[in-house]
Each structure stands twice: as C-alpha cells, then as structure tokens.
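Basically our numbering = 1-based index in the sequence shown + 5. To start, the structure itself, in structure tokens.
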Amino acid sequence: MSSSGGPTSPYSTLAISRPAESVTHVELNRPDKRNAMNRAFWREMVECFTEIAEDPDCRVVVFSGAGKIFSAGLDLMDMADNLLQPEGDDTARISWNVKKLITQYQETFSAIEKCPKPVLVAIHGACVGGGVDLITACDIRLCTQDAWFQVKEVDIGMAADVGTLQRLPKVIGSRSLVNELALTGRKLYADEAKSSGLVSRVFPDKEAMMAGALEMAGEIAARSPVAIQGTKINLVYSRDHSVAEGLHHMVRIHSSLTRLAMTCTETTSLVS
C-alpha cells in the first residue's frame, strides 16, 4: 500500500488511500449503484484485507462508503444468476455449488475479523442487508445521525446467510431486539443503534464522522502494533470461547511473543 493519496490497488469496487501515517482508508466505491455488492466486491474484499493484514505500514483501518449512503446491500441485478440459477445438472451438484458460493461470501466478511489490524467502520445513510453483515464483522462502529440499519433479507424471501445472524446477537445486548430486527426487517435508526450497542458514537454528519474516525484511528495507530493486534486477536477469540479458554489463549500468545523476542535478542547478540 502506498503513502497518502489515491488508490493503491486496481479494485473496481473499493478505493484505498493512506490519509494519515499507519492508517489505511478503505472506501466502498460504487456510489452510482449505492455501493451495492456485486460479484467483483466479494473477491476484492478478501484480496484487500489479505493485503492489509500483511502490510507493515498499516496499523489500523477506517472503512466507509462513497456517495449518499453506506451500502444498499446485495446488487441483485448483478448477482441474480449466481443466486437464482446456480451451476449444476442435478440436485446434488446444485446444492454443492450453492454451499460453495455461500461459503465464499461468508469468507468476504470473515476476512475483516481475521485481519489483525483493527477496523473502524463509519456508516452514513442506509446500511442494508449485506451492509449489516459487513459492519458486524468490524471492531468499532460509528455512524451519522441520519444512518439507519436494516436486516433486509427476510423481505426478499431469504435468511441472512453471511454473518448477521451469527454476529449481531454478540454485538447487541438484547436477544429480543436482534430477533425483532431479523424477523421483521424493520429499520433501526441511529439513536436506537447507539443505545443498543450496535454503534459506539453518533455524529451530526459525514464530515464530522470521518474526522472523528480518523482521529480515533490515529490514537490507535500511535500505540504499539504488537499490543494492538494482540488485543484484537484475543478479543475476537474470547467472544467465541469461554473465559477460561480465552485466558489460556492469552497465555499462549504471550509465551509465543516472549520466545520470539528472546530469539531476536539472541540472534542480534550473535551477529554483533
């Protein structure tokens, strides 16, 4: 990834920039399509976050959407063939290909969690369907006063299948509210999103939100990357495991880091 300025990778659905030292900005970049998620998006997200994970010059990521809204979710026009006419000559092959397809889509957002760099997502306007899948995989969520969220899949005869039903219950404290949102498809507006824990801050407009997101990203980037990445890795692990398992995982991480530090020290002394 290059220094501050324009795009650094040839993505058609994402714009990448470096607005500040050690901070990478990833922007959904299909404003004319309301940042709907087409076929290229699912592939490019994995490529992008795999690159970010290995980029030594990136310590934190800010994710946002270009244009009037954050994301309208799935691009149903572009994805219709994949979703409605999966490949295969018989039921078994069709079923196998559907499973493979959904697994690939799930990996798109799991790539955000697997990336050891913290990801702050800044949401303005509508965040629908796949947009909710995306933001629940991020580490810190901020939004504008005009933002709203909708688990839209139920309205088009689908169950949300790429992360919302698994992650949203662990983000929002009220299981009843999660069930209501997933079963009715109603909109969740900014103030309720904050009170329920979906977002941690609400800003008056997008400009203020982006300034706040970059300020927070700068604070995180100023910390030790080992400490920051170790914290994210353990927070994600502990979410899905018991307290005892999380504590044991922390011990293993610290032991590994200690051994690595000792090895580096010994190697330095040998060559000096």
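Note that the Cβ used here is the ideal one computed from N, Cα and C, for glycine as well. Since this is a predicted model, take the numbers as computed values, not measurements.
Per the Cβ contact rule, the region 209 to 216 is not in contact with the region 231 to 247 (fewer than 3 Cβ pairs under 8 Å). Within the model, the alpha-carbon separation for E26 versus A187 is close to 39 Å. Nearest in C-alpha terms to P24, of all of S247, N239, M215, is M215. Taking C-beta atoms under 8 Å as the contact rule, N34 and A77 fail to qualify, at a distance of about 14 Å. In this model, M42 and T263 are separated by some 42 Å (Cα to Cα). In the displayed model, Y110 falls within a helix according to three-state DSSP. For M255 and L81, the gap between their C-alpha atoms comes out near 42 Å.
With contacts defined by Cβ atoms closer than 8 Å, G190 and D160 form a contacting pair.
Considering only R39, R172, S115, the residue with the shortest C-alpha distance to R244 is R172. Residue state for F54 is assigned as helix, using DSSP reduced to three classes.
In this structure, M221 is the residue among V167, A20, M221, V51 with its C-alpha nearest to the C-alpha of P123.
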